[in-house]
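Protein chains in written order, with my numbering: chain A, 219 to 595; chain B, 8 to 406. Even glycine gets a Cβ: it sits at the ideal position worked out from N, Cα and C. For reference, the structure discussed in these notes is given below.
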Amino acid sequence: MRVGVHAWGAVTAAGMGVPRLLQALADPSFAPRLELPRPDAPPLPVAVCADFDPKGVLPPLVARRLDRASRLLAVAAKEALQQAGSLPWPKEQVGVAMGTWNAGTSPLLEILQAVFTQGPEQAPPMHFPNSVANAPASQVGILETLGGANLTFFEKQAGGLRAIAEAWRLVARGRVAAMLAGGVDEAQWLNAEAFHRLGALARPGRPGFTLGEGAVALLLAPGGAVTLAGAGAASLPCPPHLYPPRPDALLLACQKALREAGLAPQEVELWVSLANGHPQLASLELQLLEALFPRHRPQVLAPLTTRLGEGAFASALRVGVAAAVLASQVLPAWPLPPHLETAGYEPARGAVRTALLAAQAGGGSAVALVLVRQQTA
Amino acid sequence: MVTGVGLVSALGENRHRTWERLSAGETGIRPLTLFPTAGYRSRTAAQVEEHRLDLTGIPSQALAHASRASRFALAAAREALEAAGLAPVNGADWAVVFGGGAAGLFEAEAFVAHRLARGPKAKGVVAFCEVPQDTPADRVALAWQLSGERITVTTACSSSTIAVGLGAELIRQGRAEVVLAGGADALCQLTFAGFNSLRAVDPQRARPFDRRRQGLSIGEGAAVLVLEREAAARKRGAKPLAVVLGYGVTNDAYHMTQPEPSGEPWARTLRAALADAGLSPEDVGYINAHGTATEQNDPAECAAYCKVFGNALARIPVSSVKGAIGHCLCAAGGMEAAITVLALTSGVLPPTVGCEELDPACPVDPIPGKAREKRVEVALSCSFAFGGNSAVLALGRAA
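Below you can see the structure in the form of C-alpha cells.
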C-alpha cells in the first residue's frame, strides 16, 4: 500500500506554522534567535521558538495544563489536521507516533527542584504526568481524540525519523488508517547546559552543534502525491554519548531503504543533508556519500539543523521539508556547509522526484527513509 | 518465538529466583534504602539487590559509567542469551527493541541537586550521558556488538509490552533474525516523588484487586526476551518457550492519568490483540493483568475483561504480579510478559500477592495466596499506561 504525506504542521525557530518555515528557507540570510536563559549563568546559544504563543490555537485552559513540549506539538498537530480537513477515517483508527530527545525535562526539573529545595511533600502533582517523554504524543491523542496506536520513540537525534518510519509501516500494514508522525523537543536549560559542559555544542572558536526546539507533525495516510517508499535502520555500537567512528550504520540503513523502495543509488535525485555543525558528523556524512554514490552526485538539500537546531524533531523536520521540495512547494536558498561544498556537491536547484534522508544518533543507531513524488496521470 | 528469558526483579537477580519466590507468594516490596524517604507517604518499594546481579563476561566498555537501569538490562540480556543458547556471532541482523524508562536519571539526580545548590560549575555532569532513555539499549548492543536495528519506545508503563510486540513485528517483517526485546527501569526520586504526590502509592505495599488497596508500590527491574523466527530456532535445536501470537496497541484518548471507568477503551485494546493473533476470547486461558492496585485502575480493568470475555471470565484466572515485584513502570510490561512466558512453559500460574479480600468491583479469579498449577495454551499480558497508552500481548505455549 502506498502511504504518503497528506498534510503537515510545524513550529520551529523560524516561527509558528509551515508557511513561516518555508519563508525562512527561501531567505539565504535567515538566522533564528539563539538565546536560552538559565539560572545563575549567561544564556546558552540554543535555537528557540522565540515567538511561540499557543493563544488562539489552543484554549487557555488546555494550554495551561500542558508543558511546553506538549504545547509545541499540539499546535503543530492542529496545523496538520486543519490542513487535512475533515478526516475520512474513524478517529479511533488514527494514531500518533513521535520522536523526542528531551520531552518531559522541564516538568521533571520542576518536581526535582521542589523535592530538593522544599522537601518531598512539595512535589507538584500537576507536573508529574507531563514528566514522561510520551506526554506530548499522549496529550495530542487526548486533545484530538485519536484512539489509534500512540507511540513515542526515543532514539536521540534519529527519534523523529524513526517515528515516521514506524508510523509508515503501521499504516502500510493496515494496523491503523492514518498516523500523525514526527518529532518534538523543547529548549531546556539544564539539558543544554549539560551538552555545553560536555563540549558538544558550538561555541566561539570551537565547532559543534546547536541545540534547537520545535515540533513537526506529518499526516501519513494511504495515497498522496509524495509517498514514503522505503525505510531502513542499522547500528554500529559505540558509547551512548558518542557518534560512531565509521558511517557503516548510516550506509547500511540507506542501502536497506533504497532496496525497499526498489531504487538504485543513482536514482536518488536529492540527498537531504544531516549535518549539524559537529565535525564528526560532517565527516561521517562525507564518507557515507562517497560510499553510497561513487559515480553519482545527487543534488543536496542544505542542512536545516545548523540553523534551526539539533534534536529528534530536526530529523522529522527534514522529512517535511523534503516532501515540500518534492512537491515543488519550496526551493531552499540556504547554502551548503563547507564539507559538502568542498567535495563538489551542489544545492537543490530544481524539480526532483526522489529523495533520500537519514539520521545518525549518538550511540550508533541510524535510520534512513526514501521519499518519492508520484507521477501524475 | 521466544527462546530465552532473562529477568531481574526485587524478588531475585534472575528468572529462577524470581519465579521461585513469586510462586511461593512472597513479596519483594520492602523499606526503600536507595535514597532518603523521610516525608513521603510511602517508604517502601520493590528494590533490586544490585550486588547480586550476574554481569560475568560483559565487556568493561559496556559497563563503564552504566546506570543501574543499564546494569539491570545487561544482566537480563546475559541471562536471556544464555537461556536461549545463543552467542552472537554476526550481530548484523540482531536487533534490540526496548521500552525506555528512567534510564540513568537516578544517578543524574545527584548532579541536578548539586547544580541547583551550587550553580553551573557543579560536579557530576557526566552522569547526564546516561539520562537518554535509549541508553540501556545502547549498552546491550555495545556489550554484544549487535548492529541490527535498535529501537526504544517510550509509552510510560506499557513501553516494554509494546517493545515485545514491535520486536515480534521485526521478525515477521524480516528486519531482524534475532531480537532482544524488553526493557529496564530503575527507581529514582522523580518517580517516587511523583507517584507520592499523586497519592497513588500504598503506604505499606500494593494489594491488587483487594478491597483495602490504597495504591501501587513502585519497583524496578528488567526483562529481556530472545525472539527468533521459529524455523531458525528449531533448526539450531533451540527449545522454544512460547510464541508471540500478536499484540494490540491503542490509545484511550481520555486522560493523562485517569482510566476511562467503563473499561471500553481497554476492551478495544484486548480485542485488537486477539484479532492480531487470530484468537477468540474462548481461546484465552490466563490473563496477566496490569493490576496496579490503585483505586481506579483495578475496577476499570476488570470491567474491560468483563466486556471482552463475558461469562467466560469466570474460568480465566487473572493475576497481577505487582504485589510481589512492584510496579516497575517502563519495565513492567516486559517483566510481566517474561513471567507470562514462564507460566506457559511451567504450567503454573503466578498468584496476586497481597490480594486477600477481593473487591466486589473486581469480579475476577485473582489466584490469591500461592501459585496455581494449570496448563494453559494462550495467555494475555496487559499494560495500561499514563497517557492512555494501552498494549496487550497475546502469548501462546510453544508446541
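Cβ of residue i within 8 angstroms of any chain B Cβ
i	result
Val548 of chain A	no
Val333 of chain A	yes
Leu587 of chain A	no
Glu373 of chain A	yes
Thr428 of chain A	no
Asp258 of chain A	yes
Residue i, DSSP secondary structure in three states
i	result
Ile65 of chain B	coil
Phe371 of chain A	strand
Ser327 of chain B	coil
Met397 of chain A	strand
Ser204 of chain B	helix
Ser546 of chain A	coil
Asp305 of chain B	helix
Leu234 of chain B	strand
Trp226 of chain A	strand
Asp209 of chain B	coil
Tyr312 of chain B	helix
Trp151 of chain B	helix
Ser583 of chain A	strand
Ala475 of chain A	helix
Met234 of chain A	strand
Phe42 of chain B	coil
Phe216 of chain B	coil
Gln265 of chain B	coil
Val358 of chain A	helix
Glu253 of chain A	strand
Test item: CB-CB of residue i and residue j under 8 angstroms
i	j	result
Ala229 of chain B	Ala129 of chain B	no
Thr412 of chain A	Leu429 of chain A	Note on identity: in this sequence residue 412 of chain A is Ala, with Thr being the wrong assignment. No, these two residues do not count as a Cβ contact at 8 angstroms.
Gly190 of chain B	Gly106 of chain B	yes
Trp319 of chain A	Gly377 of chain A	yes
Leu535 of chain A	Ala228 of chain A	yes
Thr323 of chain A	Leu262 of chain A	no
Glu20 of chain B	Leu60 of chain B	yes
Leu488 of chain A	Val548 of chain A	no
Phe393 of chain B	Val350 of chain A	yes
Leu416 of chain A	Val132 of chain B	yes
Phe113 of chain B	Ala45 of chain B	no
Ala545 of chain A	Ala475 of chain A	no
Val371 of chain B	Leu277 of chain B	no
Ala551 of chain A	Val490 of chain A	no
Phe372 of chain A	Glu384 of chain A	no
Ala144 of chain B	Thr159 of chain B	yes
Leu281 of chain B	Pro272 of chain B	no
Leu446 of chain A	Leu587 of chain A	yes
Beta carbon proximity, residue i to chain A, threshold 8 angstroms
i	result
Val132 of chain B	yes
Pro139 of chain B	yes
Cys136 of chain B	yes
Phe42 of chain B	no
Leu205 of chain B	yes
Arg382 of chain B	no
Leu149 of chain B	yes
Glu116 of chain B	yes
Thr159 of chain B	yes
Cβ distance (whole Å) where residue i is taken to contact residue j below 8 angstroms
i	j	result
Pro247 of chain B	Thr359 of chain B	Not really, about 28 angstroms apart at Cβ, beyond 8 angstroms.
Leu402 of chain B	Val291 of chain B	Actually they are not in contact, since the Cβ atoms of Leu402 of chain B and Val291 of chain B sit about 10 angstroms apart, beyond 8 angstroms.
Ala315 of chain A	Ala420 of chain A	Not a contact, Cβ separation roughly 30 angstroms.
Phe531 of chain A	Gly401 of chain A	4 angstroms
Leu232 of chain B	Val348 of chain B	7 angstroms
Val333 of chain A	Ala200 of chain B	5 angstroms
Ile65 of chain B	Leu81 of chain B	5 angstroms
Asn352 of chain A	Asn295 of chain B	Not confirmed; about 22 angstroms, so no contact.
Gly317 of chain B	Glu308 of chain B	That pair is no contact at about 16 angstroms.
Beta-ladder partner(s) of residue i, from DSSP
i	result
Glu380 of chain B	B:Val355
Val312 of chain A	A:Ala396
Ala334 of chain B	It should be pointed out that residue 334 of chain B corresponds to His in this sequence rather than to Ala. Partner(s): B:Ile225.
Thr445 of chain A	A:Gly222, A:Val590
Asp372 of chain B	B:Pro324
Asp192 of chain B	B:Gly228
Tyr254 of chain B	B:Leu400
Ser388 of chain B	B:Asn295, B:Leu400
Thr10 of chain B	For Thr10 of chain B, which the question treats as bridged, DSSP gives no partner whatsoever.
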